[in-house]
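Residue numbers (this note's numbering), protein chains in the order written: chain G, 1 to 162; chain S, 1001 to 1162; chain L, 2001 to 2162; chain U, 3001 to 3162.
Heads up, the beta-carbon is just placed ideally off N, CA and C, and yes, glycines get one too.
This structure is a prediction, so every number in the text was calculated from the model and none was measured.
Here the structure comes first, spelled out in structure tokens, and everything after it is commentary.
There are 4 protein chains.
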Amino acid sequence: MANEERSGAAVAHAGDPFERAAAVLELTVRFAETDAMGVVHHSAYVVWFEAGRVAWMEAAQMPYAEIAAGGHHFAVTALRADYRTAARFGDRVRVVTWVERLRSRQVAFRYEVRNAAGGELLATGLSEHICVDLDGRMAKIPAAVVERLRAGARQLAQEQLA
Amino acid sequence: MANEERSGAAVAHAGDPFERAAAVLELTVRFAETDAMGVVHHSAYVVWFEAGRVAWMEAAQMPYAEIAAGGHHFAVTALRADYRTAARFGDRVRVVTWVERLRSRQVAFRYEVRNAAGGELLATGLSEHICVDLDGRMAKIPAAVVERLRAGARQLAQEQLA
Amino acid sequence: MANEERSGAAVAHAGDPFERAAAVLELTVRFAETDAMGVVHHSAYVVWFEAGRVAWMEAAQMPYAEIAAGGHHFAVTALRADYRTAARFGDRVRVVTWVERLRSRQVAFRYEVRNAAGGELLATGLSEHICVDLDGRMAKIPAAVVERLRAGARQLAQEQLA
Amino acid sequence: MANEERSGAAVAHAGDPFERAAAVLELTVRFAETDAMGVVHHSAYVVWFEAGRVAWMEAAQMPYAEIAAGGHHFAVTALRADYRTAARFGDRVRVVTWVERLRSRQVAFRYEVRNAAGGELLATGLSEHICVDLDGRMAKIPAAVVERLRAGARQLAQEQLA
């Protein structure tokens, strides 16, 4: 039985292709992700957001591992998370990720985390990134990477409209 | 595309039903699970082992969440891990879990973690557990839980022999 | 040799007593907190913020463990983090925490994370919390807790002005 | 107030200098280190062991960061942990670390984790390591590193006998 699924499942977003191009990652809450309040610790969502953007890049045919292998990283410069409802051990959660904007040196992703069973909104998030080289210096996102991200987003958006 | 799958896929183990009843969990290495050596941090495997035994209990029709909801936990008393080959960000890994033994107050699980693509052995592990109640006191595993674990293991083993 | 120190060391903040009442927590970056970029993973700062507010409450004579023991928790409703400079394995970092506001049902903390050696700003953060009971329902912060937090902040601020 | 202290505080160990050369690291349990059982998750001890051996190397005047900066890492090949008593949020714990053995290509550390207040034994552990280069290939521990580790252990043992 699949207990984690990635897809480009349609998510309603008005506006440009990026806003329509969402990737969906489903995962099961790990016991290690809970805390003594009996619910998922808020730091786990930050890791889920990261898994969500990795899933987005894979769905867009520009795997993050390839970018890293090429000597670049998308360093996080800002993080925002708003928590609505607590998730619990064993819950299936769905992380919906899309690109907020893509510039020559920056990229930003938005996230929605919902309970996969009932669809209840658990949290929303935003992460902003700059491109850095192996020495951690700010760098332009390689043109080929930008183009592949744009083309992937268009393709993903088209699939979702189909 | 499924990036994590659970199944009772057959794994060769001689001996009693428990040893033949393995659950398989596939997961994708998260960037947060890597460290400055550029590979997966050894503590991540401990969390994967836990996810593996949770998957085993689900495959055996005795979800751990039900045991916890009933006021009992399987507290870890011993942990063993042997590391062979490093996993890296983005790798698909397969965690194969089976029950080493089940007693009235104790249960032990064994684990094999392999690269899902090539099958290369990454790590093996063992965890030993005692049953504790909500106050953390050692307790007998509820008889109904033991029976469901045994019945589930038999069913899982039969499916794997089929 | 002390490798982690808590204190009420003076930090310049204009405004009400809360803004002058900062607690300082020093810690050493753990290898497990790094990632394959060779620097500290951004999720580690979220855990450091939490350690910082726990240190603030201890410095203010209202230990969080007491609040939790009393059946209440400060659930995180919003998180903000801005990252300036990467921290690395072994670095000594200083987490400066103060209360942004305290209401009958809400509390918010602000954080500054600096390199302890050079004082370089690594990250800033904000966390907003609501008080919840053991069932996770929103609740008023117990009056005694509010009073102890206020008295502790005043005392902490006075110590810093001394 | 110091909430984490490292020292070479004397620990009774019969045998060679290594066995007498223990480093002590004190830390405070973070809320993020707890789980839904209300106690510290077993994977947290694995991270504490690592912090303990880093503290040992620092106490022995051969900081791990220097070894890493030199292009070598002590990759974990085996891990053993035995859990006796659960630690809880806010507890002060003491991690006592010493070298089990040091060879030209391998090193092993032993750990005892105790409650700092009462001295109660919480867990014991062992980790075995091989030296790897930047490409992850097994390598000899640089002779200068071995010598500094041995000299540091002798010095540490002498301080503890003094």
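Own chain partners of S/R1105 with C-beta closer than 7 Å, once the 5 adjacent residues on each side are dropped: I1130, C1131, M1138, K1140, I1141
Item checked: Residues that U/R3141 bridges to, as DSSP identifies them -> Going by the sequence as given, residue 3141 of chain U is Ile instead of Arg. In DSSP, U/I3141 forms no bridge with anything.
**Asked** Excluding the five sequence neighbours on either side, which residues of its own chain have a C-beta within less than 8 Å of the C-beta of S/R1101, listed in chain order?
**Response** Excluding residues within five positions, the ones whose Cβ falls inside 8 Å are F1018, V1107, A1108.
Taking L/D2050 as the query, report the chain U residues whose CB atoms sit under 8 Å from its CB, ordered along the chain. The amino acid occupying residue 2050 of chain L in the given sequence is Glu; Asp does not appear at that position. Here the neighbours are R3030, F3031, A3032.
**Q.** Rounded Cβ spacing between S/Y1083 and S/A1123 (contact assumed at less than 8 Å)
**A.** 5 Å
Out of S/A1022, S/E1026, S/A1044, S/L1027, point me to the one whose CA is closest to L/T2034's CA. S/A1044
- prompt: Could you give the residue range of the beta strand (DSSP E) that holds S/R1080?
  reply: 1073-1083
task = From the DSSP output, read off the bridge partner residues of S/W1098.
result = S/A1022, S/R1110
C-beta contact flag for S/V1029 and S/V1040 at 7 Å: yes
*Per DSSP, what kind of secondary structure is L/E2147 in: helix, strand or coil?*
helix
Let me know the secondary structure DSSP gives L/R2105 once reduced to three states. coil
Discussion item. Rounding to the nearest angstrom, what Cα-Cα distance links S/L1149 and G/F49 in this structure?
Written reply: Their backbone Cα atoms lie some 35 Å apart in a straight line.
Member of S/A1153, S/I1067, S/T1085, S/Q1155 whose CA lies at the smallest distance from the CA of U/M3037:
S/I1067
- Task: Could you work out which residues of chain U lie near L/V2054, taking near to mean beta carbons separated by less than 7 Å?
- Result: F3031
Checklist entry - S/L1025 and S/A1055: beta carbons closer than 7 Å? => result yes
request  = Drop a sphere of 10 angstroms on the beta-carbon of G/L79, count the other beta-carbons inside from all chains shown, and report buried for 16 or more, exposed for fewer.
outcome  = buried
Exercise. Would you please verify whether the beta carbon of L/A2069 is less than 7 Å from any beta carbon of chain S?
Key: no
Practice task
Check whether the Cβ of U/A3036 lies closer than 7 Å to any Cβ atom in chain G.
Solution key: yes
Any beta carbon of chain S sitting closer than 7 Å to that of L/H2073?
no
For this session: Could you name the residues of chain G that S/V1047 contacts, counting a contact when the two beta carbons are closer than 8 Å?
Result: R30, A32
Strictly under 7 Å for the Cβ-Cβ distance: is G/Y64 near chain L by that measure? no
**Asked** At a Cβ threshold of 7 Å, is L/H2041 touching chain S?
**Response** yes
Within a Cβ cutoff of 6 Å, which residues of the same chain sit near G/R110, ignoring the five residues on either side of it in sequence? W98, E100, L126
| task | Would you mind working out which of G/H72, G/R88, G/R154, G/R53 sits nearest G/A143, comparing C-alpha positions? | result | G/H72
*Check whether the Cβ atoms of U/A3157 and U/A3021 sit closer than 7 Å, and answer yes or no.*
yes
Checklist entry - Apart from the five residues just before and just after S/M1057, which ones in its own chain have a Cβ nearer than 7 Å to its Cβ? => result Apart from sequence neighbours up to five positions away, the residues of its chain that approach S/M1057 with a beta-carbon distance below 7 Å are P1063, Y1064, ordered along the chain.
Exercise for the section: Just the chain U side, please: which residues come within less than 7 Å of G/F89 by C-beta, in chain order? Expected result: A3036
Mind checking which residues open and close the alpha helix (DSSP H) that includes L/A2055?
2042-2059
- Query: Between the beta-carbon of G/T77 and the beta-carbon of G/E128, is there less than 7 Å?
  - Reply: Yes. Within cutoff.
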